[in-house]
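>
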Amino acid sequence: MNWLGPEEWRAVALSLQVSVWATLVSLPLGIFVAYALARWSFPGKQLLNGIVLLPLILPPVVTGYLLLLVMGTQGPVGGLLAEFGIVFAFRWTGAALAAGIMAFPLMVRAIRLSFEAVDAKLEQAGATLGAAPTWVFLTVTLPMSLPGIVAGAILAFAKAMGEFGATITFVSNIPGQTRTIPSAIYAFLQVPGGESSAMKLVLVSVAVAMVALLLSEMIGRRVAARVGGRDA
Numbered sequence: 001m002n003w004l005g006p007e008e009w010r011a012v013a014l015s016l017q018v019s020v021w022a023t024l025v026s027l028p029l030g031i032f033v034a035y036a037l038a039r040w041s042f043p044g045k046q047l048l049n050g051i052v053l054l055p056l057i058l059p060p061v062v063t064g065y066l067l068l069l070v071m072g073t074q075g076p077v078g079g080l081l082a083e084f085g086i087v088f089a090f091r092w093t094g095a096a097l098a099a100g101i102m103a104f105p106l107m108v109r110a111i112r113l114s115f116e117a118v119d120a121k122l123e124q125a126g127a128t129l130g131a132a133p134t135w136v137f138l139t140v141t142l143p144m145s146l147p148g149i150v151a152g153a154i155l156a157f158a159k160a161m162g163e164f165g166a167t168i169t170f171v172s173n174i175p176g177q178t179r180t181i182p183s184a185i186y187a188f189l190q191v192p193g194g195e196s197s198a199m200k201l202v203l204v205s206v207a208v209a210m211v212a213l214l215l216s217e218m219i220g221r222r223v224a225a226r227v228g229g230r231d232a
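All the letters of the sequence shown, read from the start, carry residue numbers 1 to 232 under UniProt numbering.
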């Protein structure tokens, strides 16, 4: 496909790299947090829920700035990691971190709804047969929630692909290093004659978002059909 130039392809490839890593790394934590919110009662549960949803409420630039303060090389966490050669600020890994944080609420919400849709009596039945809680989770809860987990991962991937505000604030807009599709669109629109390249990347973004939404909808219907005992 020659309709995308080298710089545009680099932006697409970097966006895919960032989004895949953001989704894969955050997925285990997302499953754990979603299960805790869906099944456990503990002090501070509402506070945890608020923290998880906070990136949806705050302006993305604020999230990016907070990341820069905390995870930058002069920040308390980033400075400590930098002593071991681990740097996130102004690196593609930082873009993945920012994208993962912004996508995390969507992932957790989708997975939490999937866990809540599982009949607790099925889990209790497994426990009465002598199965350990971990085994009940792995053999009962997790398989029945798998469509929702996949849907949450897909939504997170799509959100990460489109993340701009937090990413550009935390890692800037460095060609070939941190310039993802949204950052590239912004950069192309700042130069004369860049509208064509920007439009190509817009079309790529729309295509990815539509595919992700369609897949998420299909999987969501499967969950409803499984739980409600009706056809999707």
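All residues carry an ideal CB built from backbone N, CA and C; glycine is no exception.
Around the C-beta of Ala160, are 16 or more other C-beta atoms found within 10 angstroms, so that it is buried, or is it exposed?
buried
> Phe42 to Ala34, Cα distance in whole Å?
14 Å
> Would you decide whether Ser183 is buried or exposed? Buried here means 16 or more other CB atoms lie within 10 Å of its CB.
buried
> In the structure shown, what three-state DSSP assignment does Gly194 receive?
coil
> How about Ala160: is its Cβ closer than 7 Å to a heavy atom in the ligand GDP?
Looking at this structure, you won't find the ligand GDP or any other ligand, since it has none at all.
> Taking only the alpha-carbon atoms, compute the straight-line gap between Ala131 and Leu214 and give it to the nearest angstrom.
37 Å
> Quick check on Gln17: does DSSP put it in helix, strand or coil?
helix
> Can you confirm whether the stretch 70-87 touches the stretch 121-131 when touching is taken to mean that 3 or more C-beta pairs between the two stretches lie within less than 8 Å?
no
> Enumerate, from N- to C-terminal direction, the unbroken alpha helix (DSSP H) stretches of 4 or more residues contained entirely within the stretch 158-182.
165-171
> Evaluate contact between the stretch 171-180 and the stretch 111-119, counting only Cβ atoms and requiring at least three cross-stretch pairs below 8 Å.
The stretch 171-180, when compared against the stretch 111-119, does not touch it at the 8 Å Cβ threshold.
> So, under 8 Å CB-CB, Pro60 and Met102 are touching, yes? Tell me the CB distance rounded to an integer number of Å.
6 Å
> What do you reckon, are the CB atoms on Met71 and Phe88 nearer than 8 Å?
yes
> Taking all protein chains shown into account, decide if Ala232 is buried (16 or more other Cβ within 10 angstroms of its Cβ) or exposed.
Confidence at Ala232 is low in this model, with a pLDDT of 39, below 50, so the placement of that residue should be treated as unreliable; the coordinate-derived value is given next. With fewer than 16 Cβ atoms within 10 Å of its Cβ, Ala232 is classed as exposed.
> The alpha helix (DSSP H) with Ser114 in it runs from where to where?
Trp92 to Ala117
> Going by DSSP in three states, Phe137 sits in which element: helix, strand or coil?
Helix at Phe137.
> With DSSP run on the structure shown, which of helix, strand or coil describes Ala22?
helix
> For the structure I just gave you, are there three or more beta carbon pairs, one from the stretch 137-152 and one from the stretch 186-206, closer than 8 Å?
no
> For Ser19, which residues in the same chain have their Cβ closer than 6 Å to its Cβ, ignoring the five residues on either side in sequence?
Phe157, Ala160 and Met161
> Could you name the residues of the same chain whose beta carbon sits closer than 8 Å to that of Leu48, not counting the 5 residues immediately before and after it, in chain order?
Val33, Ala36 and Leu37
> What residue does the alpha helix (DSSP H) around Gly64 start on, and which one ends it?
Pro60 to Met71
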